[in-house]
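Engineer:
Residue numbers (UniProt numbering): 1 to 517.
The structure is reproduced here in structure tokens:
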């Protein structure tokens, strides 16, 4: 018997958008605009150009939020190979590791990263083919025949997203077609995307494939407005001139918009904002509401295709006072519509009581959980020991089923929505010849939510300044990972000699309203 179903793949949304909304605007990128018919043709030609060059190996893309990275989310899978969207804030050494570890055959990059790519290639014995966005990229498309590789297995590898994790070495998180397809549909439903929606790209597309919104916005037949850099003045201009209805970003993006000099109440329908990375503060929620933004708090990880939980707003909560509303909005929420289940479990895998007080680790299972870590079976088995992915985040579950974070069991700092592995920063600082020991923790920051702070004990007789330590780290890691402060001190210890980071944290977060530590 012949079956009429096809494997699920998010790239199929562009086929549908071209068929149903072909004459409507798909992409706005500066002065350039493309319809869905044109976007469909460009992505198919990108696939046709890349397929023989890739030869079955992944294609990496290093670009800000431009049409190039958006097109790659369709064109690269249509070429029959996985997409590796590289974090544009990383150092040359980090990018080189990702390109090499992923075995990428081609690197497509924006000209703004010419110098970075030069430095990356200098570190590689067998660098990939280099394609520069602009004339070279357009020539590839112009000379190619439209191609679309057929997806045979919906659990096949779609993309590889790298996360710092806690070991210092980036791990390649493997996404499958089915998960991205369903996650995109969940984002359509939860954020209310429609053909009349206009989505502004304030969230990096390299971050969890933009939370699957390249595919979600396309599934809805809505308009993508590209934004290479989050500049508050430009965001406010685009909101008003392009009629933006949706945008996503970390709480720091909300702060930038809320207190920009151009900020003024919007007229008409509220702009829907999805935020994640840290709970938004009551003050920001209140200010955004006054300006005409409707904010929803999401929670997720690279391993879960982005948002896996959503703080679904209940109509009856509208009757509560502003303070209570803000407290409820800051919770991480319930599983999104495709997450089969969210649990909070003890060390032996048992569920904690739903009392809002018993702390356990958040565990997840569902369609939007990764295939595993690329070439790292041990890390995959540790993360998913029994079919349930352990997030490393500690929390409670309330009687209404909503989860709230209490602490992070993994030593990860989340600054402006970006993960920083404290171990990685510690290793970089420990390389300094004057350093004896170091501990790195997150400390509160008004702009970024939290930033890295280093506590250093120097070698006997050695000397170093705060500036020297910070510059030492910037020479080895992405600039955003460098500590913002360095305190020279004796480190607190347990009776067995283990450094007590919690003592440092307790002091640093004393009096802070939103501590998740």
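Note that the Cβ used here is the ideal one computed from N, Cα and C, for glycine as well.
Verify whether the separation of the beta carbon atoms of residue 227 and residue 201 is less than 9 Å.
Structural biologist: yes
Engineer: Starting from residue 60, trace the beta strand (DSSP E) both ways and give me its first and last residue.
Structural biologist: Counting along the chain, the beta strand (DSSP E) containing residue 60 begins and ends at 59 to 62.
Engineer: Beta-carbon within less than 7 Å of residue 390's beta-carbon, same chain only, minus the 5 sequence neighbours each way: which residues are those?
Structural biologist: 361, 363 and 383
Engineer: For residue 10, which residues from the same chain have a beta carbon less than 6 Å from its beta carbon, with the 5 sequence-adjacent residues on both sides left out?
Structural biologist: 180, 181, 184 and 215
Engineer: Determine the extent of the beta strand (DSSP E) in which residue 269 is found, giving its start and end residues.
Structural biologist: Counting along the chain, residue 269 sits inside no beta strand (DSSP E), nor does DSSP assign it H or E at all.
Engineer: Would you tell me roughly how many angstroms separate the C-alpha atoms of residue 207 and residue 460, rounded to the nearest one?
Structural biologist: 43 Å
Engineer: Decide if residue 416 is buried, meaning its Cβ has at least 16 other Cβ atoms within 10 Å, or exposed.
Structural biologist: buried
Engineer: Under the three-state reduction of DSSP, which class applies to residue 48: helix, strand or coil?
Structural biologist: helix
Engineer: Hey, how far is the Cα of residue 357 from the Cα of residue 14?
Structural biologist: 45 Å
Engineer: What does residue 444 pair with, by DSSP beta-bridge criteria?
Structural biologist: Residue pairing from DSSP places residue 444 in a beta bridge opposite 450.
Engineer: Name the one or two DSSP bridge partners that residue 535 has.
Structural biologist: Residue 535 falls outside the range modelled here, since the chain spans only 1 to 517, and no answer is possible.
Engineer: Quick one: Cα of residue 371 to Cα of residue 175, how far?
Structural biologist: 6 Å
Engineer: Excluding the five sequence neighbours on either side, which residues of its own chain have a C-beta within less than 8 Å of the C-beta of residue 499, listed in chain order?
Structural biologist: Around residue 499: 437, 439, 491, 492 and 493.
Engineer: If you run the structure through DSSP and keep just helix, strand and coil, what is residue 314?
Structural biologist: coil
Engineer: Would you tell me roughly how many angstroms separate the C-alpha atoms of residue 347 and residue 380, rounded to the nearest one?
Structural biologist: 18 Å
Engineer: Could you tell me which of 488, 506 and 420 sits nearest to residue 94, measuring between CA atoms?
Structural biologist: 420
Engineer: Once the 5 residues before and after residue 120 are set aside, which same chain residues still bring their CB inside 7 Å of it?
Structural biologist: 92, 95, 96 and 99
Engineer: Would residue 149 pass as a contact of residue 60 if the rule is Cβ separation under 9 Å?
Structural biologist: no
Engineer: Looking at C-alpha atoms only, which residue of 229, 257 and 219 is the closest neighbour of residue 8?
Structural biologist: 219
Engineer: Would you mind sorting residue 303 into buried or exposed? The rule is 16 or more other CB atoms within 10 Å of its CB.
Structural biologist: buried
Engineer: So, is residue 87 buried or exposed, given that buried needs 16 or more other C-beta atoms within 10 angstroms?
Structural biologist: buried
Engineer: Enumerated in chain order, which unbroken segments of the beta strand (DSSP E) with a length of 3 residues or greater are wholly contained in the segment 452 to 517?
Structural biologist: Along the length of the segment 452 to 517, whole beta strand (DSSP E) runs at least 3 residues long occupy 485 to 488, reported in chain order.
Engineer: Using beta-carbon positions only, say whether residue 308 and residue 339 come within less than 9 Å of one another.
Structural biologist: yes
Engineer: Sort 418, 40, 317 and 225 by Cα distance to residue 16 and report the nearest one.
Structural biologist: Closest option to residue 16, judged by alpha-carbon separation, among 418, 40, 317 and 225: 40.
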